[in-house]
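Down below is the structure, laid out as structure tokens.
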Amino acid sequence: MNESLGLTSFKHQADMLANRVKKRFSHFYKRFSRQQIDVFRLYDWDIPEIRAVVDWYGGHLVVGEYMRRQSVPEWLPAMGQAVAEVLGVPPERLHLKQRWAGPRDGKRYERIDYTDQKIVLRERDLRFWVNPHDYVDTGLFADHRNTRQMVRDMAAGKDVLNLFGYTASFSCYAAKGGARRTVSVDRSETATRWAAENFSLNTIDPAENRLVHSHTADYLQRARREGQRFDLAVVDPPSYSVTQTRNESFDIFKDHPRLLAAVITLLRPSATLFFSTNHQRFTFDQDGLIRCLADFPESAPTISKVEEITQRTIPEDYQHKRKTIHRCWQITV
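With our numbering, letter number 73 in the sequence shown gets 73, and the count goes up by one each step, no holes.
Right, here's the structure in full:
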């Protein structure tokens, strides 16, 4: 690409992006502030030629590029600078991220920096530690704030299982909703420590809200042997995951029936399971789930209802004409 032509193109795209973001910020900021919501989306590849995502984090901006082979290193900084300037965000509060599609999706914990700087941000009456510096993912998936509220509304008096729990935001909501106990499982030691910090921040009793550092498959086998039972479960796995030390891989597309069947064996009658994925070409295999359930003992619960509830779980700032940020199902046993 001719350098002068490239800079001209960048300037045009940066101006378009900044204008779009400014309008969205004006539309959302006051309303979300009244709701005590500090994290929301301002842009997500709305303009086909501008492959960017822009998120507001309580005065910080996280600007990402959906990477491809044609990506050039100058593009993302140009977009980030334009957006930061139009919103009056200083350079030290602008965070640039590269987002890759495909099998890289499972690498949510890989570091891109080592600042160890977290900030406290609000989501309704809860607060969460967020790190916009060091990872592609910041510690809070704001696209599931509606789903978290649904879990809270159902949690009173229930035993709640949160698999692939990450920083335990679902468990915080469940605990504040009056859950009898929560169990949050994640294979990342970093995420488990982070979850403990979120519990402390929200005055959640760790004695009744366990954090388990474990591979999900190992935990499910152990819980089944111990006869653990739950009334409410949240399963939000990565699209892809590879564990090189164990020579294991997980692919949401082909492996979700057996995963969900294993979770259902731990559920009491009339329990509810929320299952979500951000895989863009995902197809829910209900027949495969039923076949996998048949492999478990006869005492395993049966499924009474499977309902896709995606439209109820996606907040307005994440609604998009061309793609869906996640898909979500409610399964009743």
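For each residue, glycine too, the CB sits at the ideal point set by N, CA and C.
Here DSSP, grouped into helix, strand and coil, assigns Lys97 to strand. Taking the Cα positions, Thr243 is about 6 Å away from Ser249. DSSP places Tyr173 in the uninterrupted alpha helix (DSSP H) bounded by Ser169 to Lys176. Of the other Cβ atoms in all chains shown, 16 or more fall within 10 Å of the Cβ of Ala271; this residue is therefore buried.
Along the stretch 242-326, the beta strand (DSSP E) occurs as fully enclosed runs of 3 or more residues at 248-251, 267-277 and 305-308, listed in sequence order. Between Trp56 and Leu42, the C-beta spacing is below 8 Å. Contact check for Thr182 against Asn162 passes: the beta carbons are separated by less than 8 Å. Counting the other CB atoms within 10 Å of its CB gives Gln36 a total below 16, which places it among the exposed residues. Judged by their CB atoms, Thr192 and Leu211 are nearer to each other than the 8 Å cut-off. Secondary structure note for Ala52: its beta strand (DSSP E) is the uninterrupted segment Ala52 to Tyr57. Per DSSP, reduced to three states, the secondary structure at Glu92 is helical.
Restricting attention to beta strand (DSSP E) runs no shorter than 3 residues, the stretch 112-187 encloses them at 119-123, 126-130, 159-163 and 181-186, ordered along the chain. Its chain contains Val21, Leu42, Tyr43, Leu61, Val63 and Val83 as the residues whose beta carbon lies nearer than 7 Å to that of Val54, once the 5 sequence neighbours on both sides are disregarded; these appear in chain order. A residue is called buried once 16 or more other Cβ atoms fall within 10 Å of its Cβ, and Tyr114, having fewer, is exposed. Under the three-state reduction of DSSP output, Asp236 falls in the coil class, being neither helix nor strand.
Counting the other CB atoms within 10 Å of its CB gives Thr277 a total of 16 or more, which places it among the buried residues.
Contact check for Glu65 against Gln13 fails: the beta carbons are separated by 8 Å or more. If you draw a straight line from the Cα of Ala18 to the Cα of Ile204, it comes to about 40 Å. By the Cβ criterion, the stretch 283-293 is not in contact with the stretch 111-130, since fewer than three pairs of Cβ atoms, one from each stretch, lie closer than 8 Å.
As the crow flies, the alpha-carbon of Val39 is around 28 Å from that of Lys158.
Note on His144: 16 or more other CB atoms within 10 angstroms of its CB, so buried under the neighbour-count rule. In this structure, the CA atom of Pro238 is about 7 Å from the CA atom of Ile252. One thing to note: Phe199 has its Cβ within 8 Å of the Cβ of Cys172. The beta carbon of Gln330 sits closer than 7 Å to the beta carbons of Thr272, Phe274, Glu307 and Ile309 from its chain, once the five residues preceding and following it are set aside; these are given in chain order. The Cβ-Cβ distance between Glu197 and His213 does not fall below 8 Å. CA-CA distance, Glu92 to Phe25, rounds to 20 Å. When the Cα atoms are used, Asn209 and Val263 turn out to be separated by approximately 19 Å. Under DSSP, His213 forms a beta bridge with Asp186.
Note: Thr332 is bridge-paired with Thr272 and Lys305 in the DSSP secondary-structure output. The beta carbon of Lys11 sits closer than 8 Å to those of Ala78, all from its chain and outside the five residues before and after it, given in chain order.
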